[in-house]
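Visitor: This is the structure, below, for whatever I ask next.
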Amino acid sequence: MEARTVGEPRRPRFEQFAIKTLRPKLQELGMDEKATDTIEDRQLRSRLSGLLVQVNDEVVLADGRARYQRFLADPTSVSPSQLGLVLGIAGREADQATYDNFNELARTSLRGEDKFRYLGAYATAKDPAHAKQTMNLAPATDFPPIVTNNVLSSV
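What follows is the structure, encoded as C-alpha cells:
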C-alpha cells in the first residue's frame with residue numbers, strides 16, 4: 061500500500077481516512093497484549109498496527125519507538141507477536157546508530173529467526189543512505205542466500 065501511493069496527491073487524505081477508521085479499533089484492543097486476548101485479538105492488533113504504520117500514524121510510530129528502546133534494555137519486554145512490528149518501526153526510522161545496531165544484532169544473534177528479523181528491519185529504512193548501505197552490505201555478508209535475497213528485495 062505504501063509504495064503504491066507515494067507521491068500521490070491524495071495520499072494525505074487517504075492517510076487521514078485510514079487513521080480515523082483503524083485507530084479506534086486498535087484503541088479498543090489496546091496496544092498491549094492481555095492474558096485474555098484471543099489469537100485473533102493478537103493478530104488483529106498486529107495487523108492494525110502495521111497498517112497504521114504504513115499511513116504514518118504518529119501515535120503508533122511513537123509507541124513503536126518507545127517499545128524499541130525498552131527492547132534494547134530488556135529484550136523480553138516486547139512480546140514475540142509484536143517484535144516484528146517494533147523492529148520494523150525502529151528500522152524504518154533508523155538513524156545511523158540504530159541501523160548499525162541492527163547489523164550487529166543480526167551478526168551476533170544465535171537464532172536464525174532473530175537474524176532474519178534484524179536484517180529485515182534495517183532493510184526497511186526510509187533513509188536513502190541506509191538503502192544504499194544495505195544494497196552494498198547484503199551481498200558481502202556471510203548470511204545464507206535466501207536471507208540476503210529477502211533483504212535485498214525489501215530495500
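Take the sequence shown: its position 109, counting from 1, is numbered 169 in the numbering used here, and each next residue is one higher. Note that beta-carbon positions come from the ideal geometry of N, C-alpha and C, so glycine has one too. None of the values given here were measured: they were computed from a predicted structure.
1. For Thr96 and Glu88, what's the separation of their Cα atoms in angstroms?
2. Give a yes or no on whether the C-beta atoms belonging to Ala185 and Gly151 are separated by under 7 Å.
3. What is the DSSP secondary structure of Met69, counted as helix, strand or coil?
4. Shortest alpha-carbon distance to Pro241 belongs to which of Lys85, Leu104, Leu165?
5. Is it right to say Ala157 is buried, meaning 16 or more other beta carbons lie within 10 angstroms of its own, or is it exposed?
6. Can you give the Cα-Cα distance for Glu118 and Arg125, rounded to whole angstroms?
7. What whole-angstrom Cβ distance do Val115 and Glu75 have, given they're in contact under 8 Å?
8. Which value, in whole angstroms, describes the spacing of the CA atoms of Leu145 and Leu111?
9. What is the DSSP secondary structure of Asn116, reduced to helix, strand or coil?
10. For Leu82, which of Pro72, Ile149, Arg107, Arg70 has the nearest alpha-carbon?
11. In the structure shown, what three-state DSSP assignment does Ala154 receive?
12. DSSP three-state label for Ala185, please.
Guide: Quick answer:
1. 14 Å
2. yes
3. The residue you asked about is not Met; residue 69 is Pro in the sequence shown. Three-state DSSP puts Pro69 in coil, outside helix and strand.
4. Here the chain has residues from 61 to 215 only, and residue 241 is not among them.
5. exposed
6. 10 Å
7. 4 Å
8. 10 Å
9. coil
10. Arg107
11. coil
12. coil
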